[in-house]
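Comments concern the structure below.
Protein chains in written order, with this note's numbering: chain P, 1 to 256; chain X, 1001 to 1256.
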């Protein structure tokens, strides 16, 4: 690839979130950037797509003087519209984020940020999702931009496979206090739900989903372990959900 | 387990869809059934959860004289509310479906049906998603009910592991023409997007997401292959998204 690469950028916090601007700023050094992102926050959207409602896509000025495309749908919709309608040629790389909040362990499954990247991987386009372990929209992303640069540099050097998907989680530390980079596995764990039950002015119950992360994995090669130790975690992911060991084990089952 | 098992049932087509009634009818023979399902269609919701809006859950009469709980959220929300609020003890098994339409190959990622089951598996509860390869709400589910019975019988006999997740796809055939049952892997493939672009009465463009499935996998042990040959496909799934081969391959990368 000798031409300037085209880099498609999306996210799940919406086109005006600080995270995407920081990602754009770091990625511009590596190629021509096209921004297609949701017009509103889409956190927790998992790999949702818009089946029953039509989508809108409109040009939108974003705060650093650049123009992007806002989509009235999910992160996965954004990538589908970008590759299916907007771009004449598939982009060379898809980036998503920088998410305001961690996407380690099972949050990978609920994450809208990662679903944009996963949609790219399904289409055979190398894709990377970035998440900073700080939920605030005021978070300082100076270190995160530097992390993005380091990862893009090595990714272009090593050449990512067509369907490669990386999930990068960045500890909430200044760059000089980040210990380094680790290639990790997704930690097993779960969110333990604690619903906040309330009663509306009309006497009807409703529930806010809250919850605490319950660690179920003490291995030292996980995303959770790396982050807790002050490392950037890079988890290569697949979208093949087959449980191969179970598949072998079940071959003798008799359903007839 | 000597007591009557508790079976939680959800879906993504909504609590009044014919599919869930058929699933309930088949599952009742195996335990005490509790129904918690979305109050509206949630197709394509992937593993979405409701982060920014509160949830409602209300008792609802369903058409076969049974009572269920309707939830104003996603399939994953339903399972979270059922285990976190409604049930005192975790259910012994979670079933989702019967979906009106196939959930083979990459549709596993977009599927709301499977996300309800996957949410169960994350919580350590064995879970099975059922999908019939017929999108019509008028589809004849006589054979599907029989398939559910066969699979539940063997699943109880073999004892599913705590985090087991099975995705069952049923060919659209009468039971006596179904060739048998196959334990399969998820076929690789993708949807090729063909957006239907229209213009609204105000002159603004909008897009309907449509698409064709593009097969990228000729192996004979896939869900797609089994279905095309007239077999019920049973794919054991994991929610560990780590790409382990990539993980080994990338250990020498240098991001510093």
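All residues carry an ideal CB built from backbone N, CA and C; glycine is no exception.
Chain P contact residues for residue i, given Cβ-Cβ distances below 9 Å
{"i": "residue 1080 of chain X", "result": "191, 193, 195, 209, 211"}
Supposed close pair residue i, residue j - CB separation, criterion 8 Å
{"i": "residue 76 of chain P", "j": "residue 96 of chain P", "result": "10 Å between Cβ atoms; not a contact."}
{"i": "residue 111 of chain P", "j": "residue 168 of chain P", "result": "Between residue 168 of chain P and residue 111 of chain P the Cβ distance is about 12 Å, and since that is not below 8 Å, they are no contact."}
{"i": "residue 191 of chain P", "j": "residue 1154 of chain X", "result": "The Cβ separation is near 31 Å, so there is no contact."}
{"i": "residue 161 of chain P", "j": "residue 126 of chain P", "result": "7 Å"}
{"i": "residue 1178 of chain X", "j": "residue 1143 of chain X", "result": "6 Å"}
{"i": "residue 20 of chain P", "j": "residue 151 of chain P", "result": "At roughly 16 Å, the Cβ-Cβ gap does not stay under 8 Å, so residue 20 of chain P and residue 151 of chain P are not in contact."}
{"i": "residue 1129 of chain X", "j": "residue 1163 of chain X", "result": "Not confirmed; about 14 Å, so no contact."}
{"i": "residue 1211 of chain X", "j": "residue 1193 of chain X", "result": "5 Å"}
{"i": "residue 1243 of chain X", "j": "residue 237 of chain P", "result": "5 Å"}
{"i": "residue 50 of chain P", "j": "residue 73 of chain P", "result": "4 Å"}
{"i": "residue 171 of chain P", "j": "residue 231 of chain P", "result": "7 Å"}
{"i": "residue 1036 of chain X", "j": "residue 1027 of chain X", "result": "Not a contact, Cβ separation roughly 14 Å."}
{"i": "residue 218 of chain P", "j": "residue 184 of chain P", "result": "With 8 Å as the limit, residue 218 of chain P and residue 184 of chain P do not qualify as a contact, their Cβ atoms being about 14 Å apart."}
Within-8 Å CB hit, residue i to chain P
{"i": "residue 1164 of chain X", "result": "yes"}
{"i": "residue 1240 of chain X", "result": "yes"}
{"i": "residue 1008 of chain X", "result": "no"}
{"i": "residue 1086 of chain X", "result": "no"}
{"i": "residue 1139 of chain X", "result": "no"}
{"i": "residue 1185 of chain X", "result": "yes"}
{"i": "residue 1060 of chain X", "result": "no"}
{"i": "residue 1246 of chain X", "result": "yes"}
Coarse secondary structure for residue i, derived from DSSP in three states
{"i": "residue 222 of chain P", "result": "strand"}
{"i": "residue 1135 of chain X", "result": "coil"}
{"i": "residue 32 of chain P", "result": "strand"}
{"i": "residue 164 of chain P", "result": "coil"}
{"i": "residue 195 of chain P", "result": "strand"}
{"i": "residue 1255 of chain X", "result": "coil"}
{"i": "residue 1095 of chain X", "result": "strand"}
{"i": "residue 37 of chain P", "result": "strand"}
{"i": "residue 45 of chain P", "result": "coil"}
{"i": "residue 182 of chain P", "result": "strand"}
{"i": "residue 1169 of chain X", "result": "strand"}
{"i": "residue 142 of chain P", "result": "helix"}
{"i": "residue 150 of chain P", "result": "helix"}
{"i": "residue 18 of chain P", "result": "helix"}
{"i": "residue 247 of chain P", "result": "helix"}
{"i": "residue 1108 of chain X", "result": "helix"}
{"i": "residue 128 of chain P", "result": "strand"}
{"i": "residue 71 of chain P", "result": "strand"}
{"i": "residue 1214 of chain X", "result": "strand"}
{"i": "residue 1056 of chain X", "result": "coil"}
{"i": "residue 122 of chain P", "result": "helix"}
{"i": "residue 87 of chain P", "result": "coil"}
{"i": "residue 24 of chain P", "result": "helix"}
{"i": "residue 115 of chain P", "result": "helix"}
{"i": "residue 1233 of chain X", "result": "strand"}
{"i": "residue 1001 of chain X", "result": "Unreliable placement is indicated for residue 1001 of chain X, whose pLDDT of 49 sits below 50; the coordinate value is still reported in the next sentence. Correct three-state label for residue 1001 of chain X: coil."}
{"i": "residue 227 of chain P", "result": "helix"}
{"i": "residue 1008 of chain X", "result": "strand"}
{"i": "residue 1080 of chain X", "result": "helix"}
Proximal residues of chain P, C-beta to C-beta of residue i below 7 Å
{"i": "residue 1066 of chain X", "result": "Correct list: empty, because the minimum Cβ distance to chain P is about 22 Å."}
{"i": "residue 1243 of chain X", "result": "236, 237, 238"}
{"i": "residue 1206 of chain X", "result": "54, 55, 56"}
Chain X residues whose Cβ lies nearer than 9 Å to that of residue i
{"i": "residue 181 of chain P", "result": "1253, 1254, 1255, 1256"}
{"i": "residue 150 of chain P", "result": "1255, 1256"}
Residue i at chain X interface by Cβ criterion, 8 Å
{"i": "residue 109 of chain P", "result": "yes"}
{"i": "residue 202 of chain P", "result": "no"}
{"i": "residue 146 of chain P", "result": "no"}
{"i": "residue 230 of chain P", "result": "no"}
Residues that residue i contacts on chain C, provided the C-beta gap is smaller than 8 Å
{"i": "residue 1115 of chain X", "result": "The structure shown contains no chain C; its protein chains are P and X."}
If you measure beta-carbon to beta-carbon, which residues of the stretch 1092-1107 of chain X are closer than 8 Å to chain P? 1106
Taking Cβ-Cβ distances below 9 Å as the criterion, which residues of the stretch 1153-1177 of chain X are in contact with chain P? 1153, 1154, 1155, 1157, 1158, 1161, 1163, 1164, 1165, 1166, 1167
Please list, in chain order, the residues of the stretch 1122-1136 of chain X that have any C-beta partner in chain P closer than 7 Å. 1122, 1123
Taking Cβ-Cβ distances below 8 Å as the criterion, which residues of the stretch 1038-1057 of chain X are in contact with chain P? 1041, 1043, 1044, 1045, 1046, 1047, 1048, 1049, 1050, 1051, 1052, 1054, 1055, 1056, 1057
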